[in-house]
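Undergrad:
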Amino acid sequence: MSIEAKILFLVKLMLTPCAGAILSMVFTAILLRHLRRWGFAAEVGGRHIHAEVTPTAGGMGMIAAFTLCILFYDLLVAIYKPMGLDNIDFRFFIPVGVLFLTGVVDDRWGMRPVVKLFFQIAAGFAAWYIGIRFNSFLGFELPVYLNCAFTVFWFLLYINAFNLIDGLDGLAAGLALLASLTMAVVFLIGHHWTEAMMAFTLSAVCMGFLRYNFHPARVFMGDTGSMFLGFVLAALGLKTSQHNTSVFALIIPVMACGVPLIDTALAVWRRSTFKILSKRSWREIFSADRSHLHHRILDAQHGNQSRTAVRIYILALVLGLVGIVTSLMVDKLPMLALLVIACTMVLVLRKFAVVEIYNSTEIVFKGLAMPRRGVLVDILHPMYDIFVVCGSFLLAIILFGNMGTEQDFLYRTAIVGLVVLAVMFFRRIYKIYWLRAGTPDYLNLVYSISFSFIFILIINALLNLRSERPLNLIVLLPVYLLSVVMILGERIHLRCLQMMMPRYFHDSEFSGDNMPVMLYGASMYLSAFQVYSSIYLGKSGMRIAGIIDNDLALQGKYVYGYRILGDISMLHDLYAQYKFRRIIVITPRPLRENYDILQEFCRSNNVELTFFAMQEAAEPLQIKEPDNEPANQ
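Going letter by letter, the sequence shown gives residues 8 to 640 in our numbering.
This is the structure:
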């Protein structure tokens, strides 16, 4: 092919996504005139947020535009036969057709979730059968049945992720647009031109549909469109695993579709924890709710759909850019790429998984508080400690030592694990109730681990004298450090979660309108108030804005997790900024001058003034009546 012919071919090739955008707009405009007359209409009410009846199943226009563009692309490839470009197997549209019919029926007449799930599984199986599958999983060849199961699960995950996220004007189409653009760039980096063109075409089709779907939406894509988008993006994601066998072959498409997948994971997590807390049926995991990511951000944005969608677009764009950047560094800096992805996901979950983490923490603490589960907890902690020590030992040997024979490895692992376990039992570590642990308990834990490794060093010296499978000293130091960090960290996190999660949840933007409260005084009593607030903060509807304290050395610092905002001279400025409705005095004996200032300020600004007191009393403040729940005290 001459240079002129190649240029002409590339120009014609770029017509494919351009035609996709135009055809999508045209087909959607045509459907818009007829959908409601055909009975495709989304009613108002329930968990739906649209205010008037809106035509649905507009995804039919996207599917038609995408199909015609792929036909056009195949025709160009067949005529010019360029190097590096292949025809797209038209059997690809068999599972697309299954999902198309399923979506049309569901949008028009409704369909039971189990029946819809059956057809989604059928589409996933059809995709696997025609070759859209995992060739390997992280470099390992899979048996046929596992390959099929993983492939079907992958398609189910993406299909339902976009189905669940389609609850806001323009959201699913916009996220699919960004995800397909991300995948297109990744494919271009890897010189996979056919898949890149397919991804660009999908993004163009979504762009054309957004003309009528962005707020205020004139048409919804319905299950017809959302399942189609999920399926195509899942298929493109599988293409990355066929070109690359590393873990990033799976991580990058997950990052590209990060927002819908995270929302789906949070939905299952949230509904599962809610089921455990409320003792409802497991069938309610599949029921709809209004706690999805877009619902929470919509509430935080006071019902502004456009701003909510743009905010989620930005989040998806960040995840997509992280996926692109890591794809560039994966060959030379794989550990750095993995660290970037891990940090990104931690930040996202910390920001948006507030409800799920809070529910999970509550389940853990309720479970630990049940006497009948005390035996289970006593078993789990030693098992966790053994897992950490043996896992650290294995990692250290792989990095710094020689594993030797299988018998040598098991022998040395048994010595390390049994010595640590024996010392922990001897020092009564497993008799400590870690939800009520104090500083001496944590020091005792560190001393116990240290004594364990001193004994291991002694055993190692004896083995060296007899030359019987000695332990490498270079291996023991990282094992010791990892064991201290992991075992001590787990105990500390139990306590920190119990103390901090209620406050973190009620301070988050998703917790609703809580009354801002200002604390006065950063005395030692603040530690007791922290325990008190972790129990009653949510019930009282308070949100701690910060602390006022006159100690100049504390200004701007954090005390027990609360920030010192200023001294008493800044009272009026802080009130104008934080609009607090109550001041709680933590200091047991405030100065008369400061007390008079607080009283006068509260009286003139209609702010409630209360005092947190710790003292003995002749009678309990409250007596708990017997119920079915276990008592915490």
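Don't be surprised by glycine CBs; every beta carbon is placed ideally from N, CA and C. Everything numeric in this text was worked out from a predicted model, so none of it was measured.
(1) Within the continuous beta strand (DSSP E) that includes VAL524, where are the two ends?
(2) Quick one: what does DSSP say ALA638 is sitting in, helix, strand or coil?
(3) Just the Cα atoms here: how many angstroms apart are TYR440 and ALA360?
(4) For PHE619, which three-state DSSP category applies?
(5) ARG278: buried (16+ other C-beta within 10 angstroms of its C-beta) or exposed?
(6) Measure the alpha-carbon distance for ILE499 versus ILE481 and round it to whole angstroms.
(7) So ARG610 is in the alpha helix (DSSP H); what residue range does that whole segment cover?
(8) Whose C-beta lies closer than 7 angstroms to the C-beta of GLY181 among residues of the same chain, with five residues either side of it excluded?
(9) For LYS88, which residues in the same chain have their Cβ closer than 7 angstroms to its Cβ, ignoring the five residues on either side in sequence?
(10) Where are the beta strand (DSSP E) runs, 3 residues long or more, that stay fully inside the region 540-592, in chain order?
(11) Could you say which of MET262, GLY528 and TYR567 lies nearest to VAL538 if we only look at CA atoms?
(12) Does THR594 come out as helix, strand or coil in the three-state DSSP assignment?
(13) Rounded to whole angstroms, what's the CA-CA distance from LEU450 to TYR487? Just pull it up for me.
(14) In whole angstroms, what is the alpha-carbon distance linking VAL395 and LEU417?
(15) Can you look up PRO24 in the DSSP assignment and give me helix, strand or coil?
(16) Give every residue of the same chain whose Cβ lies closer than 6 angstroms to the Cβ of GLY66, excluding the five residues on either side of it in the sequence, and list them in chain order.
(17) Whole angstroms are fine: how far does the CA of GLY573 sit from the CA of ALA560?
(18) Mind checking who ALA48 pairs with in its DSSP beta bridge?
(19) Could you give the distance in angstroms between the alpha-carbon of ALA191 and the alpha-carbon of TYR219?
(20) Would you kindly report the start and end of the unbroken alpha helix (DSSP H) that includes MET352?
(21) Taking the beta carbon of ALA625 as the centre, do at least 16 other beta carbons fall within 10 Å, making it buried, or is it exposed?
(22) Considering only their Cβ atoms, is the gap separating ILE196 from LEU163 smaller than 8 angstroms?
(23) If you reduce the DSSP assignment to three classes, tell me which class GLY310 lands in.
(24) On the premise that ILE139 lies in contact with PHE107, defined as a C-beta separation below 8 angstroms, what is that separation, rounded to the nearest angstrom?
(25) What first and last residue would you give for the alpha helix (DSSP H) that runs through GLU202?
(26) Can you list, in chain order, the residues of its chain whose CB lies under 6 angstroms from that of ALA203, leaving out five sequence neighbours each side?
(27) How big is the Cα-Cα spacing for TRP135 and PRO62?
(28) Would you mind reading off the limits of the alpha helix (DSSP H) that contains LYS123?
(29) Assuming ALA206 and SER187 make a contact with CB atoms under 8 angstroms, what is their CB distance in whole Å?
(30) Straight-line CA distance for LEU92 to MET352?
(31) Tell me whether ASP93 sits in a helix, a strand or coil according to DSSP, three-state version.
(32) Answer with buried or exposed for PRO597, where buried requires no fewer than 16 other C-beta atoms within 10 angstroms of its C-beta.
(33) Would you verify that the beta carbon of HIS579 is, or is not, closer than 8 angstroms to some beta carbon of chain D?
(34) Tell me the DSSP secondary structure of LEU175 in three-state form.
(35) For THR333, which of HIS222, VAL355, THR189 and ASN612 has the nearest alpha-carbon?
(36) For LEU38, collect the residues of the same chain with a Cβ closer than 8 angstroms to its Cβ; drop the 5 residues on either side in sequence, then sort them by chain order.
TA: Taking the structure as given:
(1) Note, VAL524: beta strand (DSSP E), 522-527.
(2) Because ALA638 carries a pLDDT of 43, less than 50, the predicted location of this residue cannot be relied on, and no value is offered for it.
(3) Rounded to whole angstroms, TYR440 and ALA360 show a C-alpha spacing of 28 angstroms.
(4) In this structure, PHE619 counts as coil in the three-state DSSP scheme.
(5) The residue is buried, with at least 16 neighbouring Cβ atoms inside 10 Å.
(6) Spanning the two alpha carbons is a distance of roughly 28 angstroms.
(7) Where ARG610 is concerned, the enclosing alpha helix (DSSP H) stretches over 599-612.
(8) Only LEU217, ALA316 and TYR320 meet the Cβ criterion.
(9) Excluding sequence positions up to five before and after LYS88, its CB lies less than 7 angstroms from no other CB in the same chain.
(10) Look at the region 540-592 and you find these whole runs of beta strand (DSSP E), each 3 residues long or longer: 549-555, 569-573 and 589-592.
(11) For the residues MET262, GLY528 and TYR567, the minimum Cα distance to VAL538 belongs to TYR567.
(12) Reduced to three states, the DSSP call for THR594 is coil.
(13) Here the alpha carbon of LEU450 sits roughly 15 angstroms from the alpha carbon of TYR487.
(14) Straight-line Cα distance between these residues: approximately 15 angstroms.
(15) Of the three classes helix, strand and coil, the one that applies to PRO24 here is helix, per DSSP.
(16) The answer, listed in chain order, is MET228, GLY229, THR231, GLY232 and PHE235.
(17) Looking at the backbone, the Cα of ALA560 and that of GLY573 are separated by about 11 angstroms.
(18) For ALA48, which the question treats as bridged, DSSP gives the partners PRO62.
(19) In this structure, the CA atom of ALA191 is about 24 angstroms from the CA atom of TYR219.
(20) It spans 341-359 - the alpha helix (DSSP H) in which MET352 sits, taken as one unbroken run.
(21) By the 16-neighbour rule on beta-carbons within 10 angstroms, ALA625 is exposed.
(22) No, these two residues do not count as a Cβ contact at 8 angstroms.
(23) Note: GLY310 maps to coil in three-state DSSP.
(24) Separation of the CB atoms of PHE107 and ILE139 is rounded to 17 angstroms, and the pair is thereby denied contact status at 8 angstroms.
(25) GLU202 -> alpha helix (DSSP H) spans 200-220.
(26) Hits under 6 angstroms: ALA191, PHE194 and LEU195.
(27) Rounded to the nearest angstrom, the two C-alpha atoms are 33 angstroms apart.
(28) Run containing LYS123: 120-136, per the alpha helix (DSSP H) assignment.
(29) Distance from ALA206 to SER187 at the Cβ level is roughly 5 angstroms; contact confirmed, criterion being Cβ atoms closer than 8 angstroms.
(30) Roughly 35 angstroms between the two C-alpha positions.
(31) ASP93 falls in the coil class under three-state DSSP.
(32) Buried.
(33) The structure shown contains no chain D, having only a single protein chain.
(34) Reduced to three states, the DSSP call for LEU175 is coil.
(35) Residue THR189 is the option with its Cα nearest to THR333.
(36) Only PRO62, ALA64, GLY65, MET67, GLY68 and VAL226 meet the Cβ criterion.
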